[in-house]
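Engineer:
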Amino acid sequence: MKSEEFIEAVKDVVKNAAIEDVISNLKSPPGRRVRKAESERSEWYNRLKEDEKGNVNAVIESAVDEAIFGLLAVLDGARPICPAHNINKGELVLIYRDQQGDSVLNAPDKIGLHDLYNS
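Anchor point for the sequence shown: position 88 equals 88 in full-length UniProt numbering, and the numbering is continuous, going up by one each time.
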């Protein structure tokens, strides 16, 4: 798997699914014992006009995009997770393994995953 293929999979399997799930849960919270806060949010959402729902959905999409971008930036080392004063800095290596071998998806000499995500 190449980095570009990984990013396309993330967009399909993670991004799109997360957006759809959040909107679906807003419309109709799942489960037999829905928490009061979720029920109230659902009632609020369902009372909105269609253009207002569109704005809420756009905010949900932006939040999902920012979260994924941030995680990819961490995997790339562009957003460090170790304190700045920590002298024992490590690196995160994301490997895809299949029958043909290993592929490093976040190789430092290639374009970053977070950059690919936003391209």
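Glycine included, each C-beta is placed from N, C-alpha and C at the ideal position.
What you are looking at is a predicted structure, and each value in this text was computed from that prediction instead of being measured.
By the three-class DSSP mapping on this structure, what secondary structure does G54 have?
Structural biologist: Stepping through the sequence shown from its first residue, residue 54 is reached at position 54. Three-state DSSP puts G54 in a helix.
Engineer: Hey, how far is the Cα of R32 from the Cα of K2?
Structural biologist: As a position in the sequence shown, residue 32 is number 32, starting the count at 1. As a position in the sequence shown, residue 2 is number 2, starting the count at 1. Near 42 Å, if we compare the C-alpha coordinates of K2 and R32.
Engineer: I'd like to know if the stretch 67-85 and the stretch 37-54 are in contact, where contact means that at least 3 CB-CB pairs between them fall below 8 Å.
Structural biologist: Not touching, per the Cβ criterion.
Engineer: Relative to the C-alpha of L92, which candidate in Q99, G101, P80, D98 has its C-alpha closest?
Structural biologist: For the purposes of this step, residue 92 is taken as the residue at position 92 of the sequence shown. When each option's Cα is compared against that of L92, the closest is P80.
Engineer: Skipping 5 residues on each side, what residues in its chain have a beta carbon closer than 7 Å to that of I60?
Structural biologist: The sequence position of residue 60 within the sequence shown is 60, counting from 1. Contacts found: I19, V22, I23.
Engineer: Taking only runs that begin and end inside the stretch 38-112, name each unbroken beta strand (DSSP E) of 3 or more residues, in chain order.
Structural biologist: With a minimum length of 3 residues, the continuous beta strand (DSSP E) runs that stay inside the stretch 38-112 are 95-98, 101-104.
Engineer: What's the C-alpha gap between S62 and L116?
Structural biologist: Here the question's residue 62 lines up with position 62 in the sequence shown. Here the question's residue 116 lines up with position 116 in the sequence shown. Taking the straight line joining both Cα atoms gives about 17 Å.
Engineer: Is the distance from the Cβ of I95 to the Cβ of V104 below 8 Å?
Structural biologist: Translated into positions along the sequence shown, residue 95 becomes position 95. Translated into positions along the sequence shown, residue 104 becomes position 104. Yes, they are a contact pair.
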